[in-house]
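Asker: Going by our numbering, 30 is the number at position 23 of the sequence shown; the sequence numbering is gapless.
By construction, the Cβ of each residue, glycine as well, lies at the ideal position given by its N, Cα and C atoms.
All values derive from a computational prediction rather than experimental measurement.
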Amino acid sequence: MSKARLATIWLDGCSGCHMSFLDMDERLIELAGLVDLVHSPLVDSKEFPDNVDVVLVEGAVSTEDDLERIRKVRQRSKVLVSLGDCAVTANVPSMRNRFSVAAVEHRAYIENAQLNQQIPREVIPQLLPKSRPVHEFVEVDVFVPGCPPSADTIHFVLTELLAGRIPYLTDKTRFGA
Ligand code: SF4
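(1) Span of the alpha helix (DSSP H) holding His25?
(2) Excluding the 5 residues preceding and the 5 following Gln124 in the sequence, name in chain order all residues of the same chain whose CB lies nearer than 8 Å to its CB.
(3) Rounded to whole angstroms, what's the CA-CA distance from Val61 to His46? Just pull it up for me.
(4) Using a Cβ-Cβ cutoff of less than 6 Å, which residues in the same chain neighbour Leu169 once the five nearest sequence positions on both sides are dropped?
(5) According to the neighbour-count rule (16 or more other Cβ atoms, all chains shown, within 10 Å of its Cβ), is Leu90 buried or exposed?
(6) Tell me the DSSP secondary structure of Gly183 in three-state form.
(7) Roughly how many whole angstroms lie between the Cα atoms of Arg103 and Ala109?
(8) Could you have a look at Ile161 and say whether DSSP puts it in helix, strand or coil?
As structure tokens, then:
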């Protein structure tokens, strides 16, 4: 039986959801027998590939770069999972939403800078007016709340999806679950 093609991506998040993925510990060995990890911050692949079976998306959509990436990821993936509260609700990144982009940039690059006080216009992706959850831009198949979701929850989600089922998460996402 061919392995499923799994990917993970990291938009505007803190990497905590990926750390929780790694917290599956020895279950990662079992998972490695079922999937090929074809793209992730955890592996050295630059371009998001075609024909991905399942993609776990960490983080909110906060920049033009995030938006371009999530659209491409959606086109190339069968099942898209919003992993964690930043992807599901925008969570921490949305704390800047009550301020304008200009005010946020001024605070970060001018007021709080000790050296080289200037707002970068190259290399750094342009912020969108608001930081928004993934489902506001592309269709999401599975929502996995939590900050971060526990390793047990991520393992449950992946094993259900790999068995061809949409995971039923109601009793898996309570505090401490
Ligand atoms: Fe980090 Fe929590 Fe956001 Fe995951 S949901 S990226 S752990 S802040």
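Answerer: Reading from the atomic positions:
(1) 23-29
(2) Tyr116, Ile117
(3) 11 Å
(4) Ala11, Leu41
(5) buried
(6) Only weak support is given to the placement of Gly183: the predicted model assigns it a pLDDT of 45, under 50, and the value that follows is read from those uncertain coordinates. In the structure shown, Gly183 sits in coil (DSSP, three-state: anything other than H, G, I, E or B).
(7) 11 Å
(8) helix
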